[in-house]
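In this note's numbering, the protein residues as written are -16 to 310.
C-beta: ideal position from N, C-alpha, C; glycine also.
One structure below.
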Ligand code: NDP
């Protein structure tokens, strides 16, 4: 038996609770992992609360991230005792995930622990931080350099935003943070933001084009915020879009793209090919100041993740939540 969060949906309703689960109920897979830590991402919060259609099979163990040790394996790349890490691949959505003391997985989804990052630090980074790195890699791929000008990060005090600020500032970019939490301005400056803006200036319907300001952007919000960011991006600037914290819609015009050559780069972490994941984690090891990670990550126990989910969706959680599944 092991402890895990189980999400159930039946005539009694949609509910999540910590349960004792029999090993025999673990799904198919060629690697069994003793999980040490998982995390609480925006998507996990949607799964735990049922506020978004994230869970595709019931009952489900949520948790799109996990770190742990291989207990048994028939996969050629993984041996008992190996430290492994997992982000995404539909785990915690269609396949039992990391918010439990044990997981059985497809070994192709697992990656070895990056040598420069401690197990607990991988979860302080988690899918949110790895996605922030994918955004930075996309800015680089499209040629955005520190000398080109300011980079805007929206949803700045959240998980993706916090890690994006820390990485970009370490790489020498001038980072401007947009947040709905002015009380967290000191935190954002400590992570490396040169300026902190009130997100209210981006949340209402705007003009097709505005004054050019951003050389690049990392947007986690979508909707009017993303439309306004595109409209104020400089000639040939690059906007990376990875989130929908403010809405799934995109009420924009094509003006920034056809008149200013702005690039809108979509970022997906879930099905991201293995080579790109390994590159992102390797870059996190060199380009993220682990001291700043200490300010970003907070550790909680397994049962705490359930009430925290609603608070995260309300934008009340700062940075990243690491879940110790043995607490
Ligand atoms: P968090 O909840 O930690 O952060 C989201 C932040 O967005 C909040 O902290 C808040 O920042 C801001 N925000 C929340 N609601 C609104 C709103 N209504 N209007 C404007 N801003 C808002 O989530 P994560 O950082 O983990 O994830 C952010 C987004 O990125 C989510 O939509 C998530 O689904 C997506 N995501 C996508 C991935 C991918 O593969 N494409 C991978 C990981 C995440 P502040 O308080 O500073 O304003």
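Setting aside the 5 residues that flank it on each side, residue 268 is surrounded in the same chain by 97, 99 and 100, each with a C-beta closer than 6 Å to its C-beta; the list follows chain order. For residue -2, the beta-bridge partners assigned by DSSP are -9.
Residue pairing by DSSP places residue 197 opposite 216 in a beta bridge. Using a 10 angstroms sphere on the CB of residue 237, the tally of other CB atoms stays under 16, which defines it as exposed.
For residue 108, DSSP records no beta bridge to any residue.
DSSP places residue 15 inside the beta strand (DSSP E), whose first and last residues are 14 to 23. Between residue 104 and residue 242, the alpha-carbon positions lie close to 43 Å from each other. Note that the C-beta distance between residue 24 and residue 47 is below 8 Å. Of 207, 224, 170 and 173, the smallest CA-CA separation from residue 182 is found for 207.
Residue burial annotation: residue 299 is exposed, with fewer than 16 other C-beta atoms found within 10 angstroms of its C-beta. By the Cβ criterion, the region 157 to 177 is not in contact with the region 102 to 119, since fewer than three pairs of Cβ atoms, one from each stretch, lie closer than 8 Å. Three or more beta-carbon pairs drawn from the region 112 to 122 and the region 250 to 258 are found closer than 8 Å, and the two stretches are therefore classed as touching. Excluding sequence positions up to five before and after residue 28, its CB lies within less than 7 Å of the CB of 292, 295 and 296, all in the same chain and listed in chain order. DSSP places residue 187 in no beta strand (DSSP E); its state is neither H nor E. For a cut-off of 8 Å, the C-beta gap from residue 223 to residue 195 is around 18 Å, too long to register as a contact. Inter-residue distance for residue 198 and residue 135 is about 8 Å (C-alpha atoms, whole angstroms). Scanning the region 32 to 73 for uninterrupted beta strand (DSSP E) segments of 3 residues or longer gives 48 to 56 and 66 to 70, listed from N- to C-terminal end. If you check the CB distance, residue 308 and residue 285 come in under 8 Å. Using a cutoff of 7 Å, the CB of residue 275 does not count as near ligand 1, since none of the ligand's heavy atoms is closer than that.
CA-to-CA, the gap between residue 113 and residue 69 works out to about 11 Å. For residue 31 and residue 147, the gap between their C-alpha atoms comes out near 25 Å.
Annotation for residue 118 indicates a beta carbon at 7 Å or more from all heavy atoms of ligand 1. DSSP places residue 250 in no beta strand (DSSP E); its state is neither H nor E.
The closest CA to that of residue 58, considering only 156, 36, 14 and 41, is found on 14. The shortest CA-to-CA distance from residue 64 to any of 37, 83, 3 and 17 is the one to 17. Secondary structure of residue 164 (DSSP, three-state): coil. Put simply, of 62, 87, 33 and 138 the residue whose alpha carbon is nearest the alpha carbon of residue 229 is 138.
Take the alpha-carbon of residue 122 and the one of residue 35: they are about 29 Å apart.
Within a 10 Å sphere around the beta-carbon of residue 45 sit 16 or more other beta-carbons, which makes this residue buried.
Here the alpha carbons of residue 202 and residue 143 stand approximately 9 Å from one another. Annotated three-state conformation of residue 114 is helix, per DSSP.
Distances from the CB of residue 87 to the heavy atoms of ligand 1 are all 7 Å or more.
Just so you know, the alpha carbons of residue 50 and residue 152 end up roughly 27 Å apart.
Judged by their CB atoms, residue 271 and residue 239 are not nearer to each other than the 8 Å cut-off.
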